[in-house]
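Student:
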Amino acid sequence: MRTRRVAVTGIGQVSSLGSSLRSFADALFAGRPGVVRLSDLVVPGMADPIGARIPDFDPQRTLPGRTLATVSRTAQYAHAAAVQALGMARLERVDRPRGGVSVGTAFGGILETEETYRSCLLNPGSRPKPTTIPTAMANAPASFLASELRLKGPNLTLAVACASGSHAIGEAFRIVRSGEADLMLAGGVDAPLTPIVLAAWNAMRILAPAGSNPACACRPFSADRKGIVLGEGAAFLILETLESAHERGASILAEIAGYGRNADAGDLTHPDPEGVRACLALALEDAQTRPEDVHYVNAHGTGTPINDRVEAEALAAVLGARESLLVSSTKAVHGHAMGASGALEAVATILALQEERFPPTANLHEPDLALPRLGYIRGGEVRMKADHALSNSFAFGGNNAVLVFRRP
């Protein structure tokens, strides 16, 4: 079967960097974190919780007059980002039998689930709302997007921890490439800034402490990195064949050239160097791209000692230990948004290729000298023309995903 080339013709996002693509890009390239104190949350075991929260989110901007009782918080975020992507691609809301949805989420409707448990436990005799299941189910965002945007093709929800968004994009890419669908809306969403989720992550001792300035808490690849900062948000891409994009005169933002996926089949929480290296190699093979042709990597870069070390060593092993290979982690600015992270980072990678400037890792002042010598971007953006870039996601459960983007 002849495979088809796949173009990205629309992108959209909502995150701690704002609810527009411009606000996202401005903060991204400036290395300006959207991390704040969550003073309104009472989190068991945490005196000073922090997170990358979406500021001033108003679902009525994209759902005017809509009763939101049956629309989960994650579905609201997903819809806001998807509408941006649809608008950028200049696509109307019409029935699309060969248009589908692929959504990645790690926690689904965890907010609604927690609220229901809390209400029932604190108020003996109370019952869950009849809207609990439709809002709490993991596939609520994908189902809502399909209904609102009239996408009648494949409708997928992938729960692969913090690689969910990347897997959702990668699987959608393969669906379009194979000819199963002509268009896919693909991305990720999560809203994990809840008391129990934060307390559970804190119990693992991998959350970065707030310190005197929460914006400086997450420091990927830094010698003094101390952990992750949770975030929330959504990001979506419009994927269609390169041929159809040309035919309708759409602007092509990037081309997805390849996708690698595998499993460490090892420890549930510690990344395996061999698995990470193998996934990078699979992505390059799928894209038919040489290691030396990759100029930028948007790293998984969580800010934990072990994750950053394993990833940096894998990059050096597969792509070469060279300072000409630009590397940055954007989690320092938009937080670790779980299932949305890979999608937010895909958007960041596309913007970098399109605008020929590459974002720094915020808060990276002194790179860890024990890491391989790579082109860690710090201090400010780097302007450069590049043809190929990777976006990495290496999740709990040993689930790995790497996307290869090509400049159009």
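With the numbering used here applied, the sequence shown closes on residue 411, and no number is skipped along the way.
For each residue, glycine too, the CB sits at the ideal point set by N, CA and C.
Helix, strand or coil: which one does DSSP assign to C221?
Tutor: Sequence index remark: in the sequence shown, residue 221 carries index 218 (1-based). Of the three classes helix, strand and coil, the one that applies to C221 here is coil, per DSSP.
Student: Which term fits V45, buried or exposed, when burial requires 16 or more other beta carbons within 10 angstroms of its beta carbon?
Tutor: Here residue 45 corresponds to residue number 42 of the sequence shown, with the count starting at 1. V45 comes out exposed.
Student: Enumerate in chain order the residues of its own chain whose CB-to-CB distance from A324 is below 6 angstroms, with the five nearest sequence positions on each side excluded.
Tutor: Here residue 324 is taken as the residue at index 321 of the sequence shown, counted from 1. The residues are P375, R376.
Student: Could you give the distance in angstroms between the alpha-carbon of N310 and the alpha-carbon of P274?
Tutor: Position 307 of the sequence shown holds residue 310. Position 271 of the sequence shown holds residue 274. For N310 and P274, the distance between alpha carbons rounds to 7 angstroms.
Student: Looking at the unbroken alpha helix (DSSP H) that takes in Q63, where does it start and where does it end?
Tutor: Counting from one through the sequence shown, the residue named residue 63 turns up at place 60. No alpha helix (DSSP H) contains Q63, which DSSP labels as neither H nor E.
Student: Quick one, which of D270, S344, A213 has its alpha-carbon nearest T108's?
Tutor: Within the sequence shown, residue 108 is the residue found at index 105, counting from 1. If we check each option's Cα against that of T108, S344 comes out closest.
Student: Compute the Euclidean distance between the alpha carbons of A238 and Q16, then round it to the nearest angstrom.
Tutor: Within the sequence shown, residue 238 is the residue found at index 235, counting from 1. Within the sequence shown, residue 16 is the residue found at index 13, counting from 1. Each residue's alpha carbon lies about 4 angstroms from the other.
Student: Pairing CB atoms from the segment 47-54 with CB atoms from the segment 145-154, are three or more of them under 8 angstroms?
Tutor: Too few Cβ pairs lie closer than 8 angstroms, so no.
Student: Are there three or more Cβ pairs, one per stretch, closer than 8 angstroms when the segment 362-371 is compared with the segment 224-238?
Tutor: Yes, the segment 362-371 touches the segment 224-238.
Student: For N403, does the count of other Cβ atoms within 10 angstroms reach 16, so buried, or fall short, so exposed?
Tutor: Here the question's residue 403 lines up with position 400 in the sequence shown. By the 10 Å Cβ count, N403 comes out buried.
Student: Just to confirm the assignment: which complete alpha helix (DSSP H) runs, minimum length 4, are found wholly within the segment 239-266?
Tutor: As far as the segment 239-266 is concerned, its whole alpha helix (DSSP H) runs of at least 4 residues are 245-250.
Student: Alpha carbon to alpha carbon, how far is A203 from A10? Give it in angstroms, no decimals.
Tutor: The residue labelled residue 10 in the question sits at position 7 within the sequence shown. The residue labelled residue 203 in the question sits at position 200 within the sequence shown. Each residue's Cα considered, the two are about 39 angstroms apart.
Student: Select from V336, Y379, R409 the residue whose C-alpha is nearest the C-alpha of F32.
Tutor: On the sequence shown, residue 32 is found 29 positions in, with the first residue counted as 1. F32 has its Cα closest to that of V336, out of V336, Y379, R409.
Student: Determine which residues share a DSSP beta bridge with Q16 and list them.
Tutor: The residue you call residue 16 lines up with position 13 of the sequence shown. DSSP, once it has assigned bridges, lists A238 as partnering Q16.
Student: What residue range does the alpha helix (DSSP H) around M91 cover?
Tutor: Working through the sequence shown from its first residue, we reach residue 91 at position 88. Residues 76-91.
Student: Are the CB atoms of I14 and V232 nearer to each other than 8 angstroms?
Tutor: As a working note, residue 14 is residue 11 in the sequence shown. As a working note, residue 232 is residue 229 in the sequence shown. No.
Student: Reducing DSSP to helix, strand and coil, say where A319 ends up.
Tutor: To locate residue 319, count along the sequence shown from 1; it is residue 316. In the structure shown, A319 sits in a helix (DSSP, three-state: H, G or I).
Student: Thinking just about the alpha-carbon of each residue, which of I241, P212, L196, P137 is nearest to the one in R228?
Tutor: On the sequence shown, residue 228 is found 225 positions in, with the first residue counted as 1. Ranking the options by Cα distance to R228, first place goes to P212.
Student: Does the separation of the CB atoms of P276 and A317 fall below 8 angstroms?
Tutor: Indexing the sequence shown from 1 puts residue 276 at position 273. Indexing the sequence shown from 1 puts residue 317 at position 314. A contact, by the Cβ cut-off of 8 angstroms.
Student: Would you list the residues sitting across from Y120 in a DSSP beta bridge?
Tutor: The residue you call residue 120 lines up with position 117 of the sequence shown. Answer is none; Y120 lacks a bridge partner.
Student: What's the gap between the Cα of G261 and the Cα of K334?
Tutor: Position 258 of the sequence shown, counting from 1, holds the residue named residue 261. Position 331 of the sequence shown, counting from 1, holds the residue named residue 334. Computed Cα separation, rounded: 23 angstroms.
Student: Hey, how far is the Cα of G230 from the Cα of R101?
Tutor: What you label residue 230 is simply residue 227 of the sequence shown in a count that begins at 1. What you label residue 101 is simply residue 98 of the sequence shown in a count that begins at 1. Rounded to the nearest angstrom, the two C-alpha atoms are 42 angstroms apart.
Student: So, under 8 angstroms CB-CB, R381 and L367 are touching, yes? Tell me the CB distance rounded to an integer number of Å.
Tutor: Counting from 1 along the sequence shown, the entry for residue 381 is found at position 378. Counting from 1 along the sequence shown, the entry for residue 367 is found at position 364. With 8 angstroms as the limit, R381 and L367 qualify as a contact, their Cβ atoms being about 4 angstroms apart.
Student: Looking at the structure shown, is H273 part of a helix, part of a strand, or coil, going by DSSP?
Tutor: Against the sequence shown, residue 273 aligns to sequence position 270. It is coil, neither helix nor strand.
Student: Within the same chain, show all residues whose beta-carbon is closer than 6 angstroms to that of N395, passing over the 5 residues directly before and after it, in chain order.
Tutor: Here residue 395 refers to the residue found at position 392 when the sequence shown is read from its first residue. A302, H303, V405.
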